[in-house]
Amino acid sequence: SGDFALQYQPGVAVAGGEEAQFQVLLRLRDGEGRLRSAGEFVPAAESAGLMPEIDRWVLEQAIPLLQRRRDDGRPVRLFVSQSPHTLARDVHATWLQEMLAGHAIDGPSLVIDLRLDDALVHSVTLRQFADQLMPAGVQFCLSQYVQGADAERLLQQLPLGYLRLSGCYARAHADAALRDELRGIIDHAHRQGLQVIGPQVEDPQGAATLWMSGIDFIQGNLVQQAAGELDFDFQHSVL
9 SGDFALQYQP
19 GVAVAGGEEA
29 QFQVLLRLRD
39 GEGRLRSAGE
49 FVPAAESAGL
59 MPEIDRWVLE
69 QAIPLLQRRR
79 DDGRPVRLFV
89 SQSPHTLARD
99 VHATWLQEML
109 AGHAIDGPSL
119 VIDLRLDDAL
129 VHSVTLRQFA
139 DQLMPAGVQF
149 CLSQYVQGAD
159 AERLLQQLPL
169 GYLRLSGCYA
179 RAHADAALRD
189 ELRGIIDHAH
199 RQGLQVIGPQ
209 VEDPQGAATL
219 WMSGIDFIQG
229 NLVQQAAGEL
239 DFDFQHSVL
């Protein structure tokens with residue numbers, strides 16, 4: 009784990025407010041000192057059976073960070089990705105419950121991020137894990153979401169609080185059909201009681217289309233690039 013690093017990217021509420029939330033992004037430092045994104049090494053780590061160890065390491069950084077921020081009077085919500093192979097281990101739910109209790113963490117400050125493709129394959133496993141963690145107040149987010157009948161069924165099967173869209177919807181301003189699809193997804197999610205996050209927003213046009221479609225949170229380099237510190241002024245941010 010010495011070569012792993014974490015970066016954080018803020019998600020800003022379009023309605024304003026001071027509530028601080030960040031997505032935790034796993035990085036790997038290569039031989040030249042460059043930080044590699046998760047997509048460049050996680051598939052190999054999954055094939056090698058290393059994800060449970062890596063996922064636990066990420067939570068071992070995130071949960072004490074939640075405690076420090078709370079104790080400093082600057083509470084934050086963190087979205088942390090976890091592999092279905094990790095969540096399938098019976099000991100992981102128990103370990104996470106003990107970590108939260110040991111740091112006196114209020115559950116809603118931790119959101120477990122589940123990729124749509126993983127959730128479609130492992131929905132029963134994820135449901136069982138969620139049922140174990142819900143009493144502790146932990147929330148769940150389905151990420152990389154695209155419209156589809158199977159995906160919509162997941163919204164009813166899993167106890168979700170958040171939906172993070174696929175990055176393709178950040179470019180919906182240039183595609184009328186994609187805009188219609190975007191509005192349909194957000195309307196459906198809101199009827200299910202979910203808050204929707206629009207990631208990978210790079211330009212004002214993309215942000216405006218998401219905003220007009222009813223998005224709850226915007227995330228991407230337009231707001232702020234991922235960085236090694238929880239350094240963002242939510243109180244004075246203007247989209």
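The numbering of the sequence shown is the numbering used here, which starts it at 9 and goes up by one.
Cβ coordinates follow ideal geometry from the N, Cα and C atoms, glycine included.
Straight-line measurement puts the Cα of residue 170 at about 6 Å from the Cα of residue 148. With a threshold of 16 other beta carbon atoms within 10 Å, residue 164 falls short and is exposed.
Rounded to the nearest angstrom, the gap between the Cα atoms of residue 236 and residue 204 is 25 Å. Inclusion of residue 173 and residue 190 in the CB contact set at 9 Å is warranted, their separation being smaller than that value. Under the three-state reduction of DSSP, residue 88 is assigned to strand.
A contact between stretches requires three or more CB pairs, one per stretch, nearer than 8 Å, and the stretch 133 to 145 fails this requirement with the stretch 178 to 189. C-alpha of residue 213 to C-alpha of residue 38: approximately 35 Å in a straight line.
Following the DSSP letters along the chain, one finds residue 72 inside the alpha helix (DSSP H) bounded by residues 59 to 79. If the five residues before and after residue 49 are omitted, its C-beta is found closer than 6 Å to the C-beta atoms of 36, all from its own chain and listed in chain order. Boundaries cannot be given for residue 154, as no alpha helix (DSSP H) includes it and DSSP labels it neither H nor E. Within the stretch 153 to 187, the complete beta strand (DSSP E) segments of 3 residues or longer fall at 170 to 173, listed in chain order.
Per the C-alpha coordinates, the member of 140, 25, 245 and 55 positioned closest to residue 97 is 140. Taken through DSSP and simplified to helix, strand or coil, residue 136 comes out as helix. In this structure, residue 18 places its C-beta atom within 9 Å of the C-beta atom of residue 227.
Beyond the five residues adjoining it in sequence on each side, residue 71 comes within less than 8 Å, by CB distance, of 107, 108, 111, 113 and 118 in the same chain, given in chain order.
According to the DSSP secondary-structure assignment, residue 12 is paired through a beta bridge with 36.
Between the alpha carbons of residue 180 and residue 239 lies a distance of about 29 Å.
Using a Cβ distance threshold of 9 Å, residue 202 and residue 209 do not count as a contacting pair.
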